[in-house]
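Structure first, then comments.
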Amino acid sequence: MYDYTDFDAAFVAERNRQFRAQVERRIAGHLTEEEFKPLRLMNGLYLQLHAYMLRVAIPYGTLSSAQMRQLAHIAERWDKGYGHFTTRQNIQFNWPRLRDVPDMLDALAEVDMHAIQTSGNTIRNVTADHFAGAAADEIADPRPVAELIRQWSTDHPEFQFLPRKFKIAITGSPNDRAVTRAHDIGLRMVTRDGAPGFEVIVGGGLGRTPMIGKVIRDFLPEGDLLPYLEAVVGVWNLLGRRDNKFKSRIKITVHEHGIDEIRARVEARFATLRPTFTGVDQDLLAGIRAAFAPPAIRQAPTDAFDAAYAADPVFRSWADTNLAAHRAPGHAIVQVSLKAQGATPGDATADQMRVLADLAERYGHDELRISHEQNVILPHVHKSDLPDVHAALKEAGLATANIGLISDIIACPGMDYCALATARSIPIAQQIATRFEELKLEHDIGDMKIKISGCINACGHHHVGHIGILGLDRAGVENYQITLGGDGTETAEVGTRTGPGFSADKIVPAIERLVLAYLEHRESAGETFLQCYRRLGMAPFKAALYEEAQAHAAQ
Amino acid sequence: MPREFTPKVVTANALLEGDVVYLTAEDRWSRRLEDAELITDEAHAQIRLLDAQGQPDVVVGAYLADARPGPAGLEPTHFREEFRRTGPSNYLHGKQAPPPPRT
Numbered sequence: 002m003y004d005y006t007d008f009d010a011a012f013v014a015e016r017n018r019q020f021r022a023q024v025e026r027r028i029a030g031h032l033t034e035e036e037f038k039p040l041r042l043m044n045g046l047y048l049q050l051h052a053y054m055l056r057v058a059i060p061y062g063t064l065s066s067a068q069m070r071q072l073a074h075i076a077e078r079w080d081k082g083y084g085h086f087t088t089r090q091n092i093q094f095n096w097p098r099l100r101d102v103p104d105m106l107d108a109l110a111e112v113d114m115h116a117i118q119t120s121g122n123t124i125r126n127v128t129a130d131h132f133a134g135a136a137a138d139e140i141a142d143p144r145p146v147a148e149l150i151r152q153w154s155t156d157h158p159e160f161q162f163l164p165r166k167f168k169i170a171i172t173g174s175p176n177d178r179a180v181t182r183a184h185d186i187g188l189r190m191v192t193r194d195g196a197p198g199f200e201v202i203v204g205g206g207l208g209r210t211p212m213i214g215k216v217i218r219d220f221l222p223e224g225d226l227l228p229y230l231e232a233v234v235g236v237w238n239l240l241g242r243r244d245n246k247f248k249s250r251i252k253i254t255v256h257e258h259g260i261d262e263i264r265a266r267v268e269a270r271f272a273t274l275r276p277t278f279t280g281v282d283q284d285l286l287a288g289i290r291a292a293f294a295p296p297a298i299r300q301a302p303t304d305a306f307d308a309a310y311a312a313d314p315v316f317r318s319w320a321d322t323n324l325a326a327h328r329a330p331g332h333a334i335v336q337v338s339l340k341a342q343g344a345t346p347g348d349a350t351a352d353q354m355r356v357l358a359d360l361a362e363r364y365g366h367d368e369l370r371i372s373h374e375q376n377v378i379l380p381h382v383h384k385s386d387l388p389d390v391h392a393a394l395k396e397a398g399l400a401t402a403n404i405g406l407i408s409d410i411i412a413c414p415g416m417d418y419c420a421l422a423t424a425r426s427i428p429i430a431q432q433i434a435t436r437f438e439e440l441k442l443e444h445d446i447g448d449m450k451i452k453i454s455g456c457i458n459a460c461g462h463h464h465v466g467h468i469g470i471l472g473l474d475r476a477g478v479e480n481y482q483i484t485l486g487g488d489g490t491e492t493a494e495v496g497t498r499t500g501p502g503f504s505a506d507k508i509v510p511a512i513e514r515l516v517l518a519y520l521e522h523r524e525s526a527g528e529t530f531l532q533c534y535r536r537l538g539m540a541p542f543k544a545a546l547y548e549e550a551q552a553h554a555a556q
Numbered sequence: 015m016p017r018e019f020t021p022k023v024v025t026a027n028a029l030l031e032g033d034v035v036y037l038t039a040e041d042r043w044s045r046r047l048e049d050a051e052l053i054t055d056e057a058h059a060q061i062r063l064l065d066a067q068g069q070p071d072v073v074v075g076a077y078l079a080d081a082r083p084g085p086a087g088l089e090p091t092h093f094r095e096e097f098r099r100t101g102p103s104n105y106l107h108g109k110q111a112p113p114p115p116r117t
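Chains A and B, in that order, are what the protein sequence lines are.
If you're matching positions, the first sequence starts at 2 in this note's numbering and goes up one per residue.
If you're matching positions, the second sequence starts at 15 in this note's numbering and goes up one per residue.
If you want it as structure tokens, here you go:
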């Protein structure tokens, strides 16, 4: 884990001191809201539907036990006893009072955390594969690079007033769990002739105009990363449309100018910038790498796991569904679902956070991860400890065995909280999860990603859901559009709209018809929904959605 | 033809708490929609909005929202305003929350 240097700590403390004074001036009436708003956004503070909301960065999704405990403390002391983990590996507190926010930020700083650049037209929290440092399929741990980017981008003087927000994601595995192709810049760690480097993808993004990113450089040597990133962001900073908010993201710049022209401009800028990087960044990276040294993995028999697996069907189901392959023998990556059927996706109570912190400390080398799929990961657990871990999770209501299944739904806060939302997301997620739990079909359906956004901005990643749901306001009524065939992995694709949307009381039955159609049409239990859709196309699903509904109406 | 003016209330978020407030006819800010002044005249609505916007040390983001009289007092016409006056649908938080116990 990376610990703040004196420089980092002093920087965050100074920023917090400034913000405390800004809040005081706002309350005293010396700053107008117009003057204050950009200042609070720079520090992650939004004003939402019912209250302020503080968005705290969890850089590359990595937390220590102490940090998780502090989040629990903050949730209890200044909020309503819970936090909401988001699709960008952040945590949001939904009910802070303005006066308390400076204290919350100081409490975060105590554990090397902040809310800087979690909003505004800046480079946002860098996200990474949530299995980083643990995955069996990994080439290299992306987190040291992500930390380097965090340091480079934080308060970068050239990039504080960008045309719009800018999001970077990085993966060290060929299996893309970080949705790199739907980011402004996606970085895939690769090697060429034994040398480490990156495939650089640019101009991906969801939102109003979803686009899959394009490869701008198929191999960038590791040492060239920062000057190259600076060149990309710099070129966009000049070219990006500031006249139209809807055309300001780099995906539109790339689309309008073409990837070849953007590449040429970036390479020209890079040629100027490269010599100004003297190698200090690489020295820094080497230091950061040392902080992310893999934990000392123990060799031990796995008998306890094998016995529980054979004897306890509940444990077996959880193990089959929620564990992922670890690179070290005898170990597993534990995925803790924050998606108990009927619960709010991504929410954890302070007590649950403490249980997770305790488990990480006792069994998991003090490490936790937050996934963009709004779950929590214990990345390094020895298999012999899994029965104990499972028992503790069960007691805390955290042992739902549904990772990657139909109730493991991504949902943005939607109109239950968000001022931008056009419809609610959370109740739709709750109802879908509850319905398929009733039907007892979840495990039969298998691999299924449903993603729900409550507005066109697509925080719920609906475009890359196997089934995507977009909530809109149609003539003063909540209306839900469905897209099919989206994919956020290395085979990324934007889903296709099925047709007219459904009202709030018709959307869950519509999803049920879709899924039943899949079960009917799949070649075998081994063919996933996405594979089935790719083989058959839209027609049978469209028929299930619309013709059956018409038949019902005609009865 | 210009659209017919529909009755409005002035609403905003409180500066300190961030919660939803409504402007009353007595120039107070109330947490309850029922207390709001229902404005039926467009010119008066603009003046009341200016009055609200002139209180930046009390409220943030004042605007005019549609409302209509109902059996139990004023009610919103749009679902967004219904959520604003109630709270989120996943927890009993916000305005729908039971009052804290007296200590």
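All C-beta atoms in this analysis are idealised placements derived from N, C-alpha and C, irrespective of residue type, glycine included.
Does chain B have any CB closer than 8 Å to the CB of residue i?
i, result
"Glu34/A", "yes"
"Ile470/A", "no"
"Asp219/A", "no"
"Trp96/A", "yes"
"Leu99/A", "yes"
"Ile202/A", "no"
"Thr345/A", "yes"
"Gly477/A", "yes"
"Ile427/A", "yes"
"Lys81/A", "yes"
Who are the neighbours of residue i on chain A, taking C-beta pairs under 8 Å?
i, result
"Arg98/B", "Leu50, His51"
So the candidates are the options; which of them puts its Cα closest to the Cα of residue i?
i, options, result
"Pro1/A", "Ser454/A, Asn403/A, Val180/A", "This structure does not reach residue 1/A, given that chain A is present from 2 up to 556, and the question cannot be answered."
"Met2/A", "Met54/A, Ile171/A, Gly134/A, Thr33/A", "Gly134/A"
"His1/A", "Ala511/A, Tyr534/A, Glu513/A", "Nothing about residue 1/A can be read from this structure; chain A reaches only from 2 to 556."
"Glu268/A", "Val201/A, Leu207/A, Ala329/A", "Val201/A"
"Met114/A", "Pro60/A, His464/A, Ala329/A", "Pro60/A"
"Met354/A", "Leu379/A, Gly331/A, Pro330/A", "Leu379/A"
"Thr424/A", "Ile457/A, Ala397/A, Ser408/A", "Note on identity: in this sequence residue 424/A is Ala, with Thr being the wrong assignment. Closest option to Ala424/A, Cα to Cα, is Ile457/A."
"Ser174/A", "Ala147/A, Leu163/A, Glu139/A", "Glu139/A"
"Val478/A", "Arg45/B, Thr91/B, Trp43/B", "Thr91/B"
"Phe542/A", "Arg514/A, Leu274/A, Ser525/A, Ala397/A", "Arg514/A"
"Ala129/A", "Gln551/A, Thr88/A, Trp319/A", "Thr88/A"
"Val2/B", "Pro115/B, Gly32/B, Glu18/B", "Residue 2/B falls outside the range modelled here, since chain B spans only 15 to 117, and no answer is possible."
"Val356/A", "Val390/A, Phe162/A, Val102/A", "Val390/A"
"Glu35/A", "Glu40/B, Asp41/B, Asp71/B", "Asp71/B"
"Leu64/B", "Ala76/B, Ala39/B, Thr100/B", "Ala76/B"
"Ser318/A", "Arg328/A, Phe306/A, Ala329/A, Gly487/A", "Phe306/A"
"Thr492/A", "Phe132/A, Met69/A, Ala136/A, Asp177/A", "Asp177/A"
"Arg218/A", "Leu230/A, Ile92/A, Asp244/A, Ile371/A", "Leu230/A"
"Pro197/A", "Gly205/A, Leu188/A, Val203/A", "Leu188/A"
What distance in whole Å lies between the Cβ atoms of residue j and residue i, which are believed to be in contact at a cut-off of 8 Å?
i, j, result
"Gly502/A", "Arg536/A", "Incorrect: roughly 26 Å between the Cβ atoms, too far for contact."
"Gln90/A", "Gly62/A", "4 Å"
"Gln336/A", "Ile404/A", "5 Å"
"Ala81/B", "Leu47/B", "7 Å"
"Ala116/A", "Arg165/A", "That pair is no contact at about 19 Å."
"Leu106/A", "Phe20/A", "6 Å"
"Ile407/A", "Glu443/A", "6 Å"
"Ala351/A", "Thr401/A", "Rounded, the Cβ-Cβ distance is 19 Å, inconsistent with contact."
For residue i, would you say it is in contact with chain A, using Cβ-to-Cβ distances shorter than 8 Å as the test?
i, result
"Arg42/B", "no"
"Pro90/B", "no"
"Leu29/B", "yes"
"Gly87/B", "no"
"Val68/B", "What sits at residue 68/B in the sequence shown is Gly, not Val. No, Gly68/B lies away from the interface with chain A (no Cβ there is under 8 Å from its Cβ)."
"Pro102/B", "yes"
"Gly75/B", "yes"
For residue i, which residues in chain A fall below 7 Å Cβ to Cβ?
i, result
"Gly108/B", "His51"
"Val34/B", "His51"
"Asp71/B", "Gly30"
Residues of chain B with a CB under 7 Å from the CB of residue i: which are they?
i, result
"Met416/A", "Arg94, Phe97"
(request) Pick out the complete beta strand (DSSP E) segments inside the region 43-88 of chain A, 3 residues or longer, and give them in chain order. (result) 46-48, 53-58, 63-65, 83-86
(request) Tell me the start and end of each unbroken alpha helix (DSSP H) in the region 351-435 of chain A that is at least 4 residues and wholly inside, in chain order. (result) 351-364, 387-396
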